[in-house]
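Only one structure is covered here, and it is reproduced in the block below.
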Amino acid sequence: MSVSEDEDGKSECNDCYEGGVSQDPDFGVDIRDGLRTEAMNWILTVVPPYDLPSHTRKPSIYSKDLYQQLLQHPDTRFLAAYIFGRYFLACKGGDSGCTIPDSSASPSAHNVKPVTDARRRADLEDGERRLVWDFALAAVALSVKVQRDFLPPLCPIYIRDFLVLAPHEMSHDDLEAAQRDILHALSYRVSTPTPEAYLDELHSALPALRQLAVALGGCTGWDAMRKDVWARLLAAVQEPDLYRFPISVLVAAALQRAIGSMLVRHEGRQLGQFQEKASSRCASQIQINRQRIGPVSRLAWGVQQDIQNILQVPQILLDECKRWLSPLRFENPSGQDWFDHASST
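Under our numbering, the first residue of the sequence shown is numbered 33, with each subsequent residue one higher.
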């Protein structure tokens, strides 16, 4: 996998890229920021209802498959948020397939009463809100369809199962229309290499990465590293300017940041143990123990170089992405307790 492969998908957003970074200085969408944030948070946290098996063996009216797909596969949520953001980016670019109303539009007639003007603005805002939520659910539905295999013996997920998630009353036709609008705006190109695919490939291709994960976190080191990476990516996908970077660059930057964080914690624990024993051990022996930290640091540095080389990420672009990721808040992301379960399955 390479940046060039990922950048093919980047062209779908109708932006101009130079060296992998978009030259459009104004990223974002023409919907209210609060509404966009609310919809993004919903996409990343919604969990469908699911009836636990009962002793009466009464059939569940909810889909167990959709429940498990959203609970256990962060890739599905990431892709849904990615599709949602790309759609509004395409709308901002003037795509004719977009149907978001302009809530800031003013009445054309000059003699309209203020109360009528206010009512019209309220109606437009309500219409905008309903459409945004329609597209949020449509993005989730499309992501599930892309990510989940429906071939036997697996069961399909029906549209009624998605409608249960809708935050407002929504019909079958509404959801179908929203999906068609997204597909048209994105030229029917909704699939993209997902972060989990890159992580799996790196874990398989780099024995040193597996060794480092064990050195930093024991037998659960890789799970902890993946969880850190996903926390960063799920925070990043909510940002309007995420599309400055290909997915492969985001994964490389997030994984390098995760390795750095785990290395700092690891060395902190090691140094703490050395300091506790300082009163009972000679200085020369403590210095020897301190030097044992070096091999892990050197291993981490080598792994980071391997990640960059395998994904063919230019150093300048990688540094830019890491600087962009640094200020994002991702610790203990609100409403994402489901990921604790997903990481352990």
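Note that beta-carbon positions come from the ideal geometry of N, C-alpha and C, so glycine has one too. These figures come from a predicted structure and were not determined experimentally.
For residue j and residue i, the rounded distance between their alpha carbons
{"i": "Pro103", "j": "Leu231", "result": "A small fix is needed here, since residue 103 is Leu in this sequence, not Pro. In a straight line, the C-alpha of Leu103 is about 19 Å away from that of Leu231."}
{"i": "Tyr82", "j": "Tyr94", "result": "5 Å"}
{"i": "Pro359", "j": "Gly249", "result": "25 Å"}
{"i": "Leu266", "j": "Asp181", "result": "23 Å"}
{"i": "Arg361", "j": "Ser236", "result": "29 Å"}
{"i": "Cys251", "j": "Leu244", "result": "11 Å"}
{"i": "His204", "j": "Asp260", "result": "38 Å"}
{"i": "Gln270", "j": "Val246", "result": "31 Å"}
{"i": "Cys353", "j": "Gly117", "result": "18 Å"}
{"i": "Ala229", "j": "Leu343", "result": "12 Å"}
{"i": "Arg192", "j": "Pro80", "result": "12 Å"}
{"i": "Gly292", "j": "Arg355", "result": "14 Å"}
{"i": "Phe120", "j": "Gly159", "result": "16 Å"}
{"i": "Asp166", "j": "Leu207", "result": "6 Å"}
{"i": "Arg258", "j": "Arg212", "result": "34 Å"}
Beta-carbon proximity check, residue i vs residue j, cutoff 7 Å
{"i": "Ile214", "j": "Leu98", "result": "no"}
{"i": "Val172", "j": "Leu67", "result": "no"}
{"i": "Ala217", "j": "Ala285", "result": "no"}
{"i": "Leu295", "j": "Ala332", "result": "yes"}
{"i": "Ala210", "j": "Ala170", "result": "yes"}
{"i": "Pro106", "j": "Trp262", "result": "yes"}
{"i": "Ala71", "j": "Ala198", "result": "no"}
DSSP three-state assignment for residue i, whether helix, strand or coil
{"i": "Asp97", "result": "helix"}
{"i": "Cys187", "result": "coil"}
{"i": "Phe110", "result": "helix"}
{"i": "Ala198", "result": "coil"}
{"i": "His216", "result": "helix"}
{"i": "Ser280", "result": "helix"}
{"i": "His373", "result": "Only weak support is given to the placement of His373: the predicted model assigns it a pLDDT of 44, under 50, and the question is left unresolved by the model."}
{"i": "Asp206", "result": "helix"}
{"i": "Leu357", "result": "helix"}
{"i": "Tyr82", "result": "coil"}
{"i": "Ser140", "result": "The predicted position of Ser140 is uncertain, since its pLDDT is 42 and thus under 50; no value can be drawn from it."}
{"i": "Pro346", "result": "coil"}
{"i": "Glu160", "result": "helix"}
{"i": "Leu238", "result": "coil"}
Close-in-space but distant-in-sequence residues of the same chain around residue i (CB under 8 Å, 5 per side omitted)
{"i": "Arg161", "result": "Leu67"}
{"i": "Gln101", "result": "Thr108, Val176, Gln179, Arg180, Ile189"}
{"i": "Cys187", "result": "Asp97"}
{"i": "Ser329", "result": "Leu295, Glu299"}
{"i": "Thr226", "result": "Asp107, Phe110, Leu111, Gln179, Ile279"}
{"i": "Arg264", "result": "Ala286, Arg289, Ala290, Leu357, Leu360, Phe362"}
Residue i at chain B interface by Cβ criterion, 7 Å
{"i": "Asp273", "result": "Note that chain B does not occur in the displayed structure, where there is just one protein chain."}
Own chain partners of residue i with C-beta closer than 6 Å, once the 5 adjacent residues on each side are dropped
{"i": "Ala256", "result": "Gly249"}
For this session: Evaluate the contact criterion for the segment 109 to 120 versus the segment 71 to 80: three or more CB pairs, one atom per stretch, below 8 Å.
Result: yes
Exercise. Using 8 Å as the threshold, is the segment 340 to 349 in touch with the segment 265 to 282, meaning 3 or more CB pairs across them?
Worked result: yes
Exercise. Counting pairs of Cβ atoms below 8 Å between the segment 256 to 276 and the segment 208 to 222, do you hit three or more?
Worked result: no
Exercise. Taking three-plus beta-carbon pairs below 8 Å as touching, is the segment 232 to 251 in contact with the segment 325 to 340?
Worked result: yes
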